[in-house]
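FYI, the numbering for the sequence shown is 1 to 373, going by UniProt numbering. We put the beta carbon where it would ideally sit given N, CA and C, even for glycine.
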Amino acid sequence: MENIHPFVQIRRELHQIPELGYQEFKTQAYLLRYLETLPQERFEIKKWKTGLFVKVHGTSPKRMIGYRTDIDGLPIEEQTGLPFKSQHEGRMHACGHDFHMSIALGVLTHIVHHPVQEDILFIFQPAEEGPGGAEPMLKSDIMKEWKPELIFALHIAPEYPVGTIAIREGLLFANTSELFIDLKGKGGHAAYPHQTRDMVVAASYLVTQLQSIISRNIDPLDSAVITVGKITGGTVQNIIAETARLEGTIRTLSPEAMQKVKQRIEAIIKGISTSFECEAVIDYGAMYHQVYNHAEPTRDFIQYLEKKEGVNVFICKEAMTGEDFGYMLKEIPGFMFWLGVASPYGLHHSMLNPDEKAIEFAINVVSEYISQI
Ligand SMILES: CC(=O)N[C@@H](CCC[C@H](N)C(=O)O)C(=O)O
């Protein structure tokens, strides 16, 4: 029989029950059940919506250190065919939050059994993929009372091998904003387009015009992304569509570029509604502040990693991914890093299959880092 590492087993169990933001009821119950198996006098738990705060007591605390993990899954139908694949139809841990949680539980367990001087606050945060849990958790009464002086988090990185930690001082992840555009024209018979205002055609022009913002309005030495991930519209093949909806996301390397992109989107939408005689409504949904690693704690962490055997530290470029952990770093000094998990398929892919050896590696690296702070 295969000898499975206990936190790999936990990852596999969590992998089977992915839930969307603020619906993480089974996940929260799973985490609580696990915490019941540990010596209760060593920590305090406070529930926050579908998330949790767990404060592990230090031996003679002078400050509190925060370690945050996200807990939600994505609306993706898993295609890995793994024996422990998602049991929730149309839901998948395709961004590694199952890894993040099992690593956090592994570190928490280590700290419970090997007490450290400082109080350690484990933050199990819902809704990272949207609509965002970090900002409201930060503003909660619990975090006013339990406010760490240093905070950090990790994210799995399919493109790096196990053993690699990628990090940089300053900007790590982009500013993000969701983007929803509803178009309303006039439907009708497919054979009489002149009597209608076709929103499939309007939406098609709109998608290509949006891309011109990136190529013509953003400084080529700066960077921005507009991705339209979903288009819906119309009812059947021989009826002209009265409505269409675009769902997407905007990514920029600076808050200023985000403002510029939004101004241009609004100008383009005005043009579309004039030329296609339609109504157009924009909703920006959830916005995430950039993830900006503070210099001193990042340098300290890199120095710690460089001394540690078996760790390959890679100073990476910034990425256009978003993370609402950026809100926590806006208020509290700290950092985020990428953890190599060597998967041929990337984040948000239905075949994502990270190498589970990264779990034990990360538990060891993070536990030891906390122990030596
Ligand atoms: C690490 C990661 O993949 N994060 C997500 C965050 C999504 C924020 C929001 N729903 C948006 O799409 O703007 C990402 O897609 O980068």
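Between G340 and P161, which are expected to be in contact by the criterion C-beta below 8 angstroms, what is the C-beta distance as a whole number of angstroms?
If you number the sequence shown from 1, residue 340 lands on position 340. If you number the sequence shown from 1, residue 161 lands on position 161. Contact flag correct, Cβ pair sits at about 5 angstroms.
Within 10 angstroms of the Cβ of D219, are there 16 or more other Cβ atoms? Answer buried if so, exposed if not.
Mapped onto the sequence shown, residue 219 falls at position 219. When all chains shown are included, D219 counts as exposed.
What I want to know is whether the C-beta of I226 ends up closer than 8 angstroms to one or more non-hydrogen atoms of ligand 1.
The residue given as residue 226 occupies position 226 in the sequence shown. False, no ligand heavy atom lies under 8 angstroms from that Cβ.
Hey, is F180 close to ligand 1, as in C-beta under 8 angstroms from one of its heavy atoms?
The residue labelled residue 180 in the question sits at position 180 within the sequence shown. Answer for F180: no, Cβ out of range of ligand 1.
Report the three-state DSSP secondary structure of N364 (helix, strand or coil).
The residue labelled residue 364 in the question sits at position 364 within the sequence shown. Three-state DSSP puts N364 in a helix.
D72 and T27: beta carbons closer than 9 angstroms?
For the purposes of this step, residue 72 is taken as the residue at position 72 of the sequence shown. For the purposes of this step, residue 27 is taken as the residue at position 27 of the sequence shown. Yes; because the gap between Cβ atoms is below 9 angstroms, this pair is in contact.
Starting from R245 and walking both ways along the beta strand (DSSP E), at which residues does that stretch end?
Within the sequence shown, residue 245 is the residue found at index 245, counting from 1. Residues T243 to T252.
Starting from Q259, follow the alpha helix (DSSP H) in both directions and report where the run begins and ends.
Stepping through the sequence shown from its first residue, residue 259 is reached at position 259. First-last of the alpha helix (DSSP H) with Q259: P255 to S275.
Count Cβ pairs between the region 89 to 99 and the region 32 to 42 that sit closer than 8 angstroms; are there 3 or more?
no
Taking 8 angstroms as the cut-off, is the C-beta of C316 nearer than that to any heavy atom in ligand 1?
The residue labelled residue 316 in the question sits at position 316 within the sequence shown. No; taking the cut-off as 8 angstroms, the Cβ of C316 has no heavy atom of ligand 1 nearer than that.
From M143 to L206, what does the alpha carbon distance come to, in whole angstroms?
Your numbering for residue 143 matches position 143 in the sequence shown. Your numbering for residue 206 matches position 206 in the sequence shown. Computed Cα separation, rounded: 43 angstroms.
Endpoints, the beta strand (DSSP E) within which M336 is located:
Here residue 336 refers to the residue found at position 336 when the sequence shown is read from its first residue. Note, M336: beta strand (DSSP E), G334 to G340.
Identity of the residues DSSP links to A153 by a beta bridge:
Position 153 of the sequence shown, counted from the start, is the residue given in the question as residue 153. Its beta-bridge partners are R68 and M336.
Residue of C316, Q290 and V291 minimising C-alpha distance to I302
What you label residue 302 is simply residue 302 of the sequence shown in a count that begins at 1. Selected option, being the one with the closest Cα: C316.
Going residue by residue through the region 133 to 195, where are the continuous alpha helix (DSSP H) segments of at least 4 residues, counting only ones entirely within it?
134 to 139 and 141 to 145
Does the region 191 to 208 touch the region 283 to 294, meaning 3 or more C-beta pairs lie closer than 8 angstroms?
no
Can at least three beta-carbon pairs, one atom from the region 177 to 186 and one from the region 328 to 338, be found at a separation below 8 angstroms?
no
Among M287, E13, V313 and E356, whose alpha-carbon lies nearest the alpha-carbon of S177?
Taking the first residue of the sequence shown as 1, we reach residue 177 at position 177. Among M287, E13, V313 and E356, the Cα nearest to that of S177 is on M287.
Could you give the C-beta distance for L31 and R91, rounded to a whole number, given that I count them as a contact under 8 angstroms?
Position 31 of the sequence shown, counting from 1, holds the residue named residue 31. Position 91 of the sequence shown, counting from 1, holds the residue named residue 91. Not really, about 17 angstroms apart at Cβ, beyond 8 angstroms.
In three-state DSSP terms, what is Y292?
Counted from its first residue, the sequence shown places residue 292 at position 292. Note: Y292 maps to strand in three-state DSSP.
E323 to L52, Cα distance in whole Å?
In the sequence shown, counting from the first residue as 1, residue 323 sits at position 323. In the sequence shown, counting from the first residue as 1, residue 52 sits at position 52. Roughly 18 angstroms separates the two Cα atoms.
Run through the DSSP bridge pairs and tell me what V228 is partnered with.
For this step, residue 228 is matched to residue 228 along the sequence shown. Note: V228 sits in a beta bridge opposite G248.
With a CB to CB cut of under 8 angstroms and the five nearest residues on each side skipped, what residues in its chain are close to K357?
What you label residue 357 is simply residue 357 of the sequence shown in a count that begins at 1. Excluding positions up to five away in sequence, the list reads V162.
Assign E211 to one of two classes, buried (16 or more other C-beta atoms within 10 Å of its C-beta) or exposed (fewer than that).
Within the sequence shown, numbered from 1, the residue matching residue 211 stands at position 211. In the sequence under discussion, the amino acid at residue 211 is Gln, which differs from the Glu named in the question. So Q211 counts as exposed.
Give a single yes or no on whether G324 has its beta carbon closer than 8 angstroms to a heavy atom of ligand 1.
Stepping through the sequence shown from its first residue, residue 324 is reached at position 324. The sequence shown places Asp at residue 324, rather than the Gly named in the question. Checking the Cβ of D324 against ligand 1 gives yes.
Closer than 7 angstroms by C-beta to D283: which residues in its own chain qualify, once you throw out the five before and the five after it? Chain order, please.
Start at 1 with the first residue of the sequence shown, and residue 283 comes out as number 283. Cβ neighbours of D283 beyond the five flanking positions: F180.
If you reduce the DSSP assignment to three classes, tell me which class Q125 lands in.
For this step, residue 125 is matched to residue 125 along the sequence shown. Q125: strand per DSSP, three-state reduction.
Just reading off the alpha helix (DSSP H) that D98 is part of, what are its end residues?
Here residue 98 refers to the residue found at position 98 of the sequence shown. Element bounds for D98: H97 to H113.
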